[in-house]
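In mature numbering (1 follows the signal peptide of the UniProt record, and there is no 0), the protein residues as written are -21 to -1, 1 to 356.
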């Protein structure tokens, strides 16, 4: 009986509910008790990151059943809240996200530290792919079981983490590589075909706004709101897309307080509810300033929650050139930091350093901290 109980506990730890929320969430940014110093390990990588990425087939997540070990240097930190339950490693060929279901990872996986990942038994999948739009990011996580909402889940079990992710020596923080528009990936690239995807890079002289030829309009910023995040987050009637020109978003992201400020100001009252081609569910103004019949208090039907924001930049002034979205979490420490007015006016460019990724074929940069954004005075 004792053996059966032990097996049951271990089994439950392996199949515990995996978080499916791929969006930014609150990140613990304090200090844990200092962990015991572990002796750094030394292992031999069997594959480079681009070789592993090349083994992924679109739409076919793979539970790896081969002896595959990759190795790379940690290039991100969740200390400032802009990364959530994961970190990136990179080698000379590309970068890869390792999805560990824990907060405060910067206490254990230090920028500049070599990490080895024994991939046998883990899941190789992609996040952010969309038909007719393009690729997302090939990543390492855990099998999602029968839930196919996302191709990978978080490796939450400590047993799994300890038997698959190993810490090596501190080798020195990653130096970002400076790239230009010609180096940026195309919509159908992956880490197997573009060496900069998943890496820490610097892109210089980016200009605010990008002209979207599909919708024939300038794009300034993008945020996604929900009537109720506990309901189907893919349902049109539950989604509000803030995008285009004159969004009123002038900060790098939006805390809950900043979100509430915008919702009550009326600036978004006319924004329609639904997806881009399915907006038949009223507008933002229909869901505010109503009276709750139970307590007589004002009722706001749109969820007040921090909002991740994508700021649209271009490699050329006035929206021309290649689009680069700077993605920022509403939970990060610098969410409500204002974008300088000269940038919003288009009279000043920026340099940005962060992890280069793809989402539905679009180029995105996620910074570690606000100091990774430099204004060109």
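Don't be surprised by glycine CBs; every beta carbon is placed ideally from N, CA and C.
Apart from the 5 residues on each side of it in sequence, residue 348 sits with its Cβ closer than 6 Å to the Cβ of 59 in its chain, given in chain order. When DSSP states are grouped into helix, strand and coil, residue 32 belongs to the helix group. Under the three-state reduction of DSSP output, residue 139 falls in the helix class. Here residue 213 is exposed: its Cβ has fewer than 16 other Cβ atoms, across all protein chains shown, within 10 Å. Cβ contact annotation for residue 21 (same chain, cutoff 7 Å, sequence separation greater than five): 147, in chain order. It is roughly 10 Å from the alpha-carbon of residue 118 to the alpha-carbon of residue 40. About 6 Å separates the beta carbons of residue 106 and residue 129, which is inside the 8 Å limit, making them a contact pair. Between residue 29 and residue 72, the C-beta spacing is below 8 Å.
Distance from the CA atom of residue 95 to the CA atom of residue 154, rounded to whole angstroms, is 20 Å.
In this structure, DSSP gives residue 154 a state outside helix and strand, which the three-state scheme calls coil.
The DSSP-derived three-state label of residue 317 is strand. Assignment of residue 22 by DSSP, reduced to helix, strand and coil, places it in the coil class. Burial state of residue 283 is exposed, judged by a 10 Å Cβ sphere holding fewer than 16 other Cβ atoms.
Considering only 228, 220, 237 and 268, the residue with the shortest C-alpha distance to residue 251 is 220. Annotation: the continuous beta strand (DSSP E) that includes residue 105 extends over 102 to 106. Buried is the label assigned to residue 64, since at least 16 other Cβ atoms lie within 10 Å of its Cβ. The C-beta of residue 273 has fewer than 16 other C-beta atoms within 10 Å across all chains shown, which makes the residue exposed. By a beta-carbon distance limit of 8 Å, residue 112 contacts residue 340. Their separation comes to about 5 Å.
Uninterrupted alpha helix (DSSP H) stretches at least 4 residues long and entirely within the stretch 233 to 281 occur at 235 to 244, given in chain order. Apart from the 5 residues on each side of it in sequence, residue 91 sits with its Cβ closer than 8 Å to the Cβ of 52, 53, 149, 150, 151, 152 and 153 in its chain, given in chain order. A distance of 8 Å or more separates the beta carbons of residue 140 and residue 101. Residue pairing for residue 49: DSSP places it in a beta bridge opposite 96. In the structure shown, the three-state DSSP call for residue 215 is helix. The shortest C-alpha to C-alpha distance from residue 97 to any of 89, 86 and 49 is the one to 49.
When the alpha-carbon of residue 68 is set against those of 190, 179, 330 and 298, the nearest one is in 179.
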